[in-house]
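Visitor: Quick one: the structure is below, questions incoming.
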Amino acid sequence: MHFTVEKRDSNSLARAGILKTPHGNIKTPAFVAVATKATVKSLTPEMLTELGAQMVLGNTYHLYFEPGEGVVKAAGGLGKFMHWDGPTMTDSGGFQAFSLGAAYKKGVSKIAREMTEVRLQSDAEPALAVITEDGVTFKSHLDGSEHLFTPERSIQIQHDIGADIIFAFDECTSPHASDSYQREALARTHRWATRSLVQHRMLDNAQLLFGIVQGGRVQELREESARVIGGICPPAGGFDGFGIGGSFTKDDVHTAVGWVNTLLPEDKPRHLLGIGEPEDIVLAVEQGCDLFDCVTPTRNARNGSLYTREGKMNIGNARYRKDFFPIQQDCDCYTCNNFTKSYLAHLFRAHEMLAGTLATIHNLRFIIHLTEELRAAILDGTLSEYKNKFLTRYKK
RNA sequence: GCGUCGGUGGCAGAGCGGUCAAUUGCACGAGACUGUAAAUCUCGCGCCCUUUGGGCUACGGGGGUUCGAAUCCCUCCCGGCGCA
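Just remember that this note's numbering sits 372 ahead of the position in the first sequence, which is counted from 1.
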């Protein structure tokens with residue numbers, strides 16, 4: 373087995389485990405650093421290693437365009453190409469069906485603040501992604517050219533990119549989509565899941581394929597999806613693990629996750645796609661998730677929003693100009709060990725490149741450190757205490 | 001000294017009789033960011049009042065012309081350039 377559960381939390385769905393890949397073992401729960409275009413923006417792989425990152429996630433859609441999966445394949449695969457020795461994974465491009473489709477220029481993200489916040493789109497620009505039964509037609513955001521991704525094509529590209537773990541091609545729906553659309557999209561995503569799995573088996577390689585559970589915010593659909601994706605099992609076997617994708621509001625990030633994880637096979641890893649903020653990760657771990665990826669730590673860092681035990685702070689605020697203390701006193705990261713808020717504030721104001729690097733180091737270390745502590749708490753049997761302590765101190 | 005061009009909000013720089021408290025950029029202040037079209041985007045940015053509203057002070061100083069001036073005229077001060 374490629375996944376071993378070491379310890380289950382007695383009071384929740386949480387578990388600590390080990391995921392084996394050809395490029396090393398991953399101790400879970402773990403945060404996967406996002407390297408969309410084969411780079412974690414502003415960091416070298418050595419920096420990633422130093423801050424405890426165990427795995428990196430690239431994106432099929434982006435790598436297909438830049439530099440092209442053929443280049444990555446010829447380079448020896450994603451890890452070799454980007455000089456990352458550890459485990460890698462790629463997203464299928466399914467998220468871009470959402471971000472370039474339903475969400476395109478609508479100010480919608482995968483986490484909706486409130487469901488009443490739906491924007492009416494009288495001035496909507498035509499989306500760059502259009503979904504059909506066959507797949508998703510994208511207009512390249514780079515040059516406008518048209519490209520069709522089908523489940524088969526996505527798997528083929530991911531095979532060429534060569535990450536250790538790849539994902540089924542799915543549709544990430546908008547948090548504002550109707551229940552009826554969620555139902556329709558879910559059925560299609562399930563068909564695509566089977567097609568992805570069949571294609572993957574044909575290619576005969578060592579990659580692990582994760583199926584993706586969708587279903588929006590509807591409990592019935594989420595549970596149906598967990599049963600279907602968890603049970604899809606052609607002659608050559610089912611998925612090697614699961615992604616939990618799609619639309620949420622802040623509050624049901626963890627509730628919907630719980631519905632799903634109660635039903636998914638326990639002996640396979642579960643990756644909560646695109647989540648999240650520290651508080652989300654704490655709650656989702658409690659609800660049985662093993663892996664996470666999210667752009668938030670790195671993007672926030674580049675935008676000057678830094679994590680502390682007390683919540684996020686904006687290093688651009690005037691009050692930090694002469695603050696000669698680290699972002700967080702007890703942080704063990706390179707940035708906090710060597711630089712003051714005043715210096716970081718200066719770098720950001722001066723638009724120096726090092727600003728993004730130092731901030732990214734800190735934010736990623738913060739999130740990774742959080743997952744390390746969560747894992748330790750599960751192994752100790754103190755998860756519930758840890759959670760309460762963390763969330764009380766951390767102001768969203 | 002003569003001639004000439006110019007002096008606009010923290011800076012640069014539009015405006016050249018009313019729709020100007022004044023385009024725009026930067027700076028400044030704040031906010032957002034969840035499988036990355038993001039080192040990005042949004043909002044604010046003379047003072048005062050609770051307002052989509054109103055009042056006050058403002059475009060080097062002073063004085064005029066006009067119903068009305070940052071915009072026209074006179075004068076003074078200051079700067080660039082040219083000639084002495």
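We put the CB at the ideal spot given by N, CA and C, even for glycine.
Who does ILE647 pair with in a DSSP beta bridge?
Guide: As a position in the first sequence, residue 647 is number 275, starting the count at 1. Note: ILE647 sits in a beta bridge opposite ASP665.
Visitor: Please report the straight-line C-alpha distance between HIS741 and LEU755, rounded to a whole angstrom.
Guide: Locating residue 741 in the first sequence gives position 369, where the first residue counts as 1. Locating residue 755 in the first sequence gives position 383, where the first residue counts as 1. Those two C-alpha atoms are separated by around 15 Å.
Visitor: Whole angstroms is fine: what's the gap from GLY424's alpha carbon to VAL585's?
Guide: Along the first sequence, one-based indexing puts residue 424 at 52. Along the first sequence, one-based indexing puts residue 585 at 213. Straight-line Cα distance between these residues: approximately 28 Å.
Visitor: So does the region 709-716 actually touch the region 622-634, counting three or more Cβ pairs closer than 8 Å?
Guide: no
Visitor: When you compare the CB positions of THR732 and SER414, do they come within less than 7 Å of one another, or not?
Guide: Position 360 of the first sequence, counting from 1, holds the residue named residue 732. Position 42 of the first sequence, counting from 1, holds the residue named residue 414. Their beta carbons are under 7 Å apart, which means THR732 touches SER414 by this criterion.
Visitor: Is the beta carbon of PRO637 closer than 7 Å to that of GLY777?
Guide: Lying before the first or after the last residue shown, residue 777 is absent from the chain, which here runs from 373 to 768.
Visitor: With LEU423 as the anchor, note down where its alpha helix (DSSP H) starts and where it stops.
Guide: On the first sequence, residue 423 is found 51 positions in, with the first residue counted as 1. Careful: LEU423 lies outside any alpha helix (DSSP H) and carries neither H nor E.
Visitor: Would a C-beta distance cut-off of 7 Å place LEU565 and ILE604 closer than the cut-off?
Guide: Walking along the first sequence from the start, residue 565 turns up at place 193. Walking along the first sequence from the start, residue 604 turns up at place 232. The displayed chain sequence assigns Ala, not Leu, to residue 565. Taking 7 Å as the Cβ cut-off, ALA565 and ILE604 qualify as a contacting pair.
Visitor: I'd like to confirm the pairing. Which residues does DSSP put opposite LEU429 in its beta bridges?
Guide: As a working mapping, residue 429 is identified with position 57 in the first sequence. According to DSSP, which records beta bridges pairwise, LEU429 is partnered with VAL406, MET461.
Visitor: Whose CA, out of PHE521, GLU505, LYS478, ALA540, lies closest to the CA of LEU645?
Guide: Within the first sequence, the letter at position 273 stands for residue 645. Considering only alpha carbons, the answer is ALA540.
Visitor: What would DSSP say about VAL502, mapped onto helix, strand or coil?
Guide: Your numbering for residue 502 matches position 130 in the first sequence. Residue state for VAL502 is assigned as strand, using DSSP reduced to three classes.
Visitor: How big is the Cα-Cα spacing for LYS379 and THR561?
Guide: Here the question's residue 379 lines up with position 7 in the first sequence. Here the question's residue 561 lines up with position 189 in the first sequence. Using only the alpha carbons, I get a separation of about 32 Å.
Visitor: Where does the unbroken beta strand (DSSP E) through PHE539 begin, and where does it stop?
Guide: Taking the first sequence and counting its residues from 1, the one referred to as residue 539 is at position 167. Run containing PHE539: 537-539, per the beta strand (DSSP E) assignment.
Visitor: Quick one: Cα of SER552 to Cα of THR707, how far?
Guide: In the first sequence, residue 552 corresponds to position 180, counting from 1. In the first sequence, residue 707 corresponds to position 335, counting from 1. SER552 and THR707: Cα-Cα distance of roughly 48 Å.
Visitor: Taking 8 Å as the threshold, find out whether the region 658-673 comes into contact with the region 394-413 through three or more Cβ pairs.
Guide: Yes, they touch.
Visitor: Use the C-beta contact count for SER568: other C-beta atoms within 10 angstroms, 16 or more gives buried, fewer gives exposed.
Guide: Residue 568 sits at position 196 when you count from the first residue of the first sequence. Answer is buried; the Cβ neighbour count reaches 16.
Visitor: Quick check on DSSP: helix, strand or coil for GLY445?
Guide: Translated into the one-based positions of the first sequence, residue 445 becomes position 73. Just to set this straight, residue 445 is Lys in the shown sequence, not Gly. LYS445 falls in the helix class under three-state DSSP.
Visitor: Is MET574 helix, strand or coil by DSSP?
Guide: Position 202 of the first sequence, counted from the first residue, corresponds to residue 574. Helix, per DSSP.
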